[in-house]
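The block underneath contains the structure these notes are about, expressed in structure tokens.
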């Protein structure tokens, strides 16, 4: 039984084959692959809603540029962005483009499959999606006020030194708050912590 469609957009043949095989063996997924962003864009209007596994570094049109080109249609394709550059700046750009999940290469198969399952739940509006949002809100609630302030400032691109000066704390204390926020949010790194905070609406707060 097919529970969800999944689309792999990856120019590296070996990586594309690996991802396609991994998803196909998962079961319940109708998997289709594309070698570049232009090919996916050309087919997007006739494709069923589905999870998009998207490489950031594609020839021609990059991953985030592809999402921009999709416009309103990107809501039909909850996106997992795959990249070898897990820097905060890219995470912020991905967040602004509507990316659901940000996974660094080489990917962890367990983490990737979990992200795909969660994106499928979002498409179908399953109870699991609501449960995950409740879990994220609970994680956010565990953050101290200063951890929230530090996380918001980091998401704005401020340096540790600038944040420390602004809050009247030492750089070491700022680093401790950063580490505390990442741990409490259950994130793998700062980039993912920012994505989680964004999904919960934390970064929109003053």
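In our numbering, the protein residues as written are 24 to 229. By construction, the Cβ of each residue, glycine as well, lies at the ideal position given by its N, Cα and C atoms. Nothing here was measured: the structure is a model prediction, and the numbers come from that model.
In the DSSP assignment, no residue is bridged to residue 87. Membership of residue 198 in the alpha helix (DSSP H) is indicated by the continuous run 194-207. Using a 10 angstroms sphere on the CB of residue 208, the tally of other CB atoms reaches 16 or more, which defines it as buried. Secondary structure at residue 214: helix, using DSSP grouped into helix, strand and coil.
If you draw a straight line from the Cα of residue 63 to the Cα of residue 211, it comes to about 29 Å.
Bounds of the alpha helix (DSSP H) holding residue 144 are 132-147. Counting only the Cα atoms, residue 83 lies some 23 Å from residue 130. The beta carbon of residue 165 lies closer than 6 Å to those of 207 in the same chain, with the five residues before and after it left out. Restricting attention to 173, 201, 39 and 214, the CA atom closest to the CA of residue 76 is found in 39. With the rule of 3 Cβ pairs closer than 8 Å, the stretch 110-118 does not count as touching the stretch 133-152. In this structure, the straight-line span from the alpha carbon of residue 148 to that of residue 188 is close to 44 Å.
A distance below 9 Å separates the beta carbons of residue 104 and residue 79. Residue 57 is bridged by DSSP to 32. Note that the C-beta distance between residue 195 and residue 174 is not below 9 Å. If you check the CB distance, residue 180 and residue 87 do not come in under 9 Å. Restricting attention to 42, 123 and 58, the CA atom closest to the CA of residue 81 is found in 58. Straight-line spacing of the CA atoms in residue 54 and residue 177 works out to 37 Å. In the DSSP assignment, residue 113 falls within the alpha helix (DSSP H) that extends over 111-119.
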